[in-house]
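Engineer: Please see the structure below; I have some questions.
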Amino acid sequence: MNQDPDMQAPVPVHAVPVDGSGNMGTDGMSNAPSPRKSSKTLVIVVSCVVAAVIVAAGVLLFLALSDTDPDDDGSVPRNGQVLCYGAHTEITCPTSSSEAFYFQDADTDDHLSYTDNGDETVSDARTGLIW
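Numbering (UniProt numbering), first residue to last: 1 to 131.
Structure follows, in structure tokens:
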């Protein structure tokens, strides 16, 4: 068999563990974790922590803004409506929440409060609206 004199026989390469411990697995590979694998794990952990912080901040912001006026009883100011209607015709305005069509006239609160701002605008003290 003729061999090319420039060809050399392959030299076996021995793997050295990344951790420098000399411990090799049964497959000839190091038992040390791959640096690439551990950096992916770190990215995932950091991403989860950042997501948790963002969610927590959102919940705290929602809770802080959701109760704007704890003294507000939720009542509606009178709307000036004097007639009430049933399904098809005018009816006497119901006076009890147990009656059908109750609360049409918003007859529950007389606490209207407006402030003249002195600049041709008026503020509604209950709603904060300015017009």
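The beta carbon of each residue, even a glycine, is placed where N, CA and C say it ideally should be.
Rounded to whole angstroms, what is the Cα-Cα separation between phenylalanine 62 and valine 55?
Structural biologist: Here residue 62 refers to the residue found at position 62 when the sequence shown is read from its first residue. Here residue 55 refers to the residue found at position 55 when the sequence shown is read from its first residue. Going by the C-alpha atoms only, they are around 11 Å apart.
Engineer: Just to confirm the assignment, what range does the beta strand (DSSP E) spanning threonine 115 have?
Structural biologist: Residue 115 sits at position 115 when you count from the first residue of the sequence shown. Where threonine 115 is concerned, the enclosing beta strand (DSSP E) stretches over 114-116.
Engineer: Reducing DSSP to helix, strand and coil, say where serine 38 ends up.
Structural biologist: The residue labelled residue 38 in the question sits at position 38 within the sequence shown. Residue state, collapsed to three classes: helix.
Engineer: Tell me whether serine 96 sits in a helix, a strand or coil according to DSSP, three-state version.
Structural biologist: As a position in the sequence shown, residue 96 is number 96, starting the count at 1. Note: serine 96 maps to coil in three-state DSSP.
Engineer: Between the C-alpha atoms of serine 47 and glycine 128, what's the straight-line distance to the nearest angstrom?
Structural biologist: Start at 1 with the first residue of the sequence shown, and residue 47 comes out as number 47. Start at 1 with the first residue of the sequence shown, and residue 128 comes out as number 128. Answer to the nearest angstrom: the Cα atoms are 41 Å apart.
Engineer: Identify which residue in Ser113, Thr41, Ala87 has its Cα closest to the Cα of phenylalanine 101.
Structural biologist: Counted from its first residue, the sequence shown places residue 101 at position 101. The shortest Cα separation from phenylalanine 101 among Ser113, Thr41, Ala87 belongs to Ala87.
Engineer: Just the C-alpha distance for threonine 89 and aspartate 124, rounded to the nearest angstrom, thanks.
Structural biologist: Along the sequence shown, read from residue 1 onward, the residue named residue 89 stands at position 89. Along the sequence shown, read from residue 1 onward, the residue named residue 124 stands at position 124. For threonine 89 and aspartate 124, the distance between alpha carbons rounds to 34 Å.
Engineer: Among Phe103, Trp131, Arg126, Val45, which has the Cα closest to the Cα of aspartate 116?
Structural biologist: On the sequence shown, position 116 is the one that residue 116 refers to. It is Trp131 whose Cα lies nearest to the Cα of aspartate 116.
Engineer: In this structure, does DSSP put valine 122 in helix, strand or coil?
Structural biologist: Taking the sequence shown and counting its residues from 1, the one referred to as residue 122 is at position 122. Strand at valine 122.
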